[in-house]
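A.B. asks:
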Amino acid sequence: MSTNSFTLTDEMRQQSIGVESAPTALDIEKGHIARFAEAIGDDNPAYTTGLPETGGIIAPPTFLRAMRAVRPQLPFDVPFTRLLDGGSDWEYFEPVRPGDTITAVGRVEDIRERTGSIGQMLITTIKITYRNQSGAVVATQTSTSIRH
1 MSTNSFTLTD EMRQQSIGVE SAPTALDIEK GHIARFAEAI GDDNPAYTTG LPETGGIIAP
61 PTFLRAMRAV RPQLPFDVPF TRLLDGGSDW EYFEPVRPGD TITAVGRVED IRERTGSIGQ
121 MLITTIKITY RNQSGAVVAT QTSTSIRH
């Protein structure tokens, strides 16, 4: 149980909402897609040889999880040392293909404080937008993290 005496003020909350991470880019390779599909046990040929209905090879929807973590830096120190994944919601708009360069930027959508069974918690909602080299949004991920 946390014994910190941290208080999220209205000013801290206002300074945090809208903060964005630095962009993180990943060049998508055909072999990377095939290895990822193999690792998750999905033998769908859309991920290895391509299908006419998919217009060639595409990445599995969960492929974007392979990108390095995208986290905006809060404008204040957080005294909590533990981090829990509170879950994610994904929306998919365009397929990810070999040759794409996907750039991800995270944005703080919400931040709040509450006390629960594990003690004092800081709950942050971050929306990550994934764009391809043409600027098209291929997916968004809205995730919740719980620091305590």
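Residue numbers (the numbering used here): 1 to 148. For every residue, glycine included, the Cβ atom is placed at its ideal position computed from N, Cα and C.
Per DSSP, T125 is paired with what?
C.D. replies: D110 and T144
A.B. asks: Check whether the Cβ atoms of T24 and V137 lie closer than 9 Å to each other.
C.D. replies: no
A.B. asks: Output needed for F76: all residues of its chain with C-beta closer than 7 Å, excluding positions within five of it in sequence on either side, in chain order.
C.D. replies: Here the set comprises M12.
A.B. asks: Under DSSP, the beta strand (DSSP E) around G31 begins and ends at which residues?
C.D. replies: Where G31 is concerned, there is no enclosing beta strand (DSSP E), although the alpha helix (DSSP H) it sits in stretches over K30 to A39.
A.B. asks: Which same chain residues, not among the five before or five after K30, have their C-beta less than 7 Å away from its C-beta?
C.D. replies: I57 and P98
A.B. asks: Three Cβ pairs or more, each shorter than 8 Å: is that satisfied between the segment 138 to 148 and the segment 76 to 90?
C.D. replies: yes
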